[in-house]
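This note's numbering numbers the first residue of the sequence shown as 1 and each following residue consecutively.
Note that beta-carbon positions come from the ideal geometry of N, C-alpha and C, so glycine has one too.
Beneath this line is the structure, given in structure tokens, with notes to follow.
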Amino acid sequence: MTASSTASSGVFDDIVRSDSSLRRFLHGLPGVDQVGCEARAAGLGTRSIKTTSKAWAIDLAIRMVDLTTLEGQDTHGKVRALASKAMRPDPADPTCPATAAVCVYPDMVATAKQTLGDSGVHVAAVATAFPSGRAAMDIKLADTRDAVEAGADEIDMVIDRGAFLSGRYLDVHDEIAQVREACARPDGTSAHLKVIFETGELQTYDNVRRASWLAMMAGGHFIKTSTGKVQPAATLPVTLIMLEAVRDFRDQTGQMVGVKPAGGIKTTKDAIKYLVMVNEICGEDWLDPDWFRFGASTLLNDLLMQRTKMTTGRYSGPDYFTLD
């Protein structure tokens, strides 16, 4: 994924030129049929997959995990342990794949980066006054730049939900665009930007669709459901709407944008439901850690237990793997 792969490249310049034109576009998007959306999500959630496919899906889901710790009591030791687990989720099985990333607060980026080295596991940092998003713009941008300078490969920002719900769409768009610019590095590369909606606060499915398009038009590399701090967090219907949005965005622009459900995804069964949905809505191109992630802290252990069961014929028990 390159920094230019999700830039709008002038396609939407006329639309984002004013509040009124942006509002017309967003409110002109097709409305979401709530009953139909929830029924389709429920139907996809009942799909079963064969044993060989399940083994493949478990390994893919592990590779898609952003192993996360975002607590006020986080320590450098905890972050180092989490980074080590991300690289070798099952120390007893070298065939077990690494996770996609470790997601931490900005002040822990350097510690995670030092531990991960050249392992290929990325460091993601939450920024822009996570999880509330309530801070002045200069503080949000400084928060982002600090994380990038410390070595963050990815930035997970939160949108201003108050501005969005008040209909100040251009303010939200411009904030995302400015944060993306703040992700730039001196060498001309850029940290990838994931835009968090906090869908549990957006009130309607139509708002989720509008937020998805708004973030993509502003240049977000990923759209993400939640901070994990507000309930409900990720749900299948909300993720379905976001997957439809990235599919339609590529149809219109030729540009791919990733999707990251986060919060409340705890079991292998849950993860497989999401993977089935990705395949059905977007197709195989999105079945890749570059384009789909799980924001999770407890999901990984269940994936590891199910993986051990499939390879050894017995469960290891929940205390076999480290608690995160």
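Taking 8 Å as the upper bound for CB-CB distance, Ala152 and Ala125 are in contact here, some 4 Å apart.
Assigned with DSSP and collapsed to three states, Glu280 falls in helix. According to DSSP, His122 shares a beta bridge with Ala101. If the five residues before and after Thr115 are omitted, its C-beta is found closer than 6 Å to the C-beta atoms of Arg80, Ala83, all from its own chain and listed in chain order. For the pair of segments examined, the segment 95-106 was found not to touch the segment 243-256: the number of CB pairs separated by less than 8 Å stays below three. In the DSSP assignment, Ala184 is bridged to Ser190.
Taking 4 residues as the minimum length, the alpha helix (DSSP H) runs contained wholly in the segment 194-226 are 205-217, in order along the chain. The C-alpha of Ile49 is placed about 23 Å away from the C-alpha of Thr298. In the same chain as Gln34, and ignoring 5 residues on each side of it, the C-beta atoms closer than 7 Å to its own belong to Tyr205, in chain order.
For Thr312, the uninterrupted alpha helix (DSSP H) run begins and ends at 299-312, by DSSP. Contact annotation: Thr227 and Ile272 have beta-carbon atoms that are not nearer than 8 Å.
A Cβ-Cβ contact shorter than 8 Å links Gly263 with Gly295. DSSP places Leu287 outside both helix and strand once states are collapsed to three, so it counts as coil. Using a Cβ distance threshold of 8 Å, Leu243 and Ile281 count as a contacting pair. The alpha-carbon of Ser18 is positioned some 52 Å away from that of Thr52. Check the Cα spacing between Val208 and each of Gly72, Val158, Thr225, Leu193: the tightest is with Thr225. Beta-bridge analysis with DSSP links Met157 to Ala127, Val195. Spatial neighbours of Val32 in its own chain (CB-CB distance under 7 Å, excluding positions within 5 residues in sequence) are listed in chain order as Tyr205, Asp206, Arg209, Ile241.
Here Thr68 is bridged, per DSSP, to Cys103.
Within the same chain, Val208, Thr225, Ser226, Val238 come within 7 Å of Thr199 by CB-CB distance, once the 5 residues on both sides are set aside. Out of Asp302, Trp286, Asp156, the CA that lies nearest to the CA of Val102 is found in Asp156. Under the DSSP assignment, Gly43 falls in the alpha helix (DSSP H) whose first and last residues are 34-44. Taken atom to atom, the span from the alpha-carbon of Thr311 to that of Gly120 is near 25 Å. The beta carbon of Glu201 lies closer than 7 Å to those of Arg161, Val230 in the same chain, with the five residues before and after it left out. For Asn279, the closest of Val172, Gly45, Cys37 by C-alpha to C-alpha distance is Gly45. Straight-line measurement puts the Cα of Gly72 at about 30 Å from the Cα of Gly219. In the three-state DSSP reduction, Gly162 falls in the helix class (H, G or I). Sixteen is the threshold: since fewer than 16 other Cβ atoms of the shown chains lie within 10 Å of the Cβ of Ser166, the residue is exposed. Of all alpha-carbon atoms in Ile265, Asp107, Asp171, Tyr105, the one lying nearest the alpha-carbon of Ala215 is that of Asp171. Counting only residues of its own chain and dropping the five nearest sequence neighbours on each side, Arg63 has a CB closer than 8 Å to the CB of Pro97, Ala98, Thr99, Ala100, Pro289. A residue is called buried once 16 or more other Cβ atoms fall within 10 Å of its Cβ, and Thr189, having fewer, is exposed.
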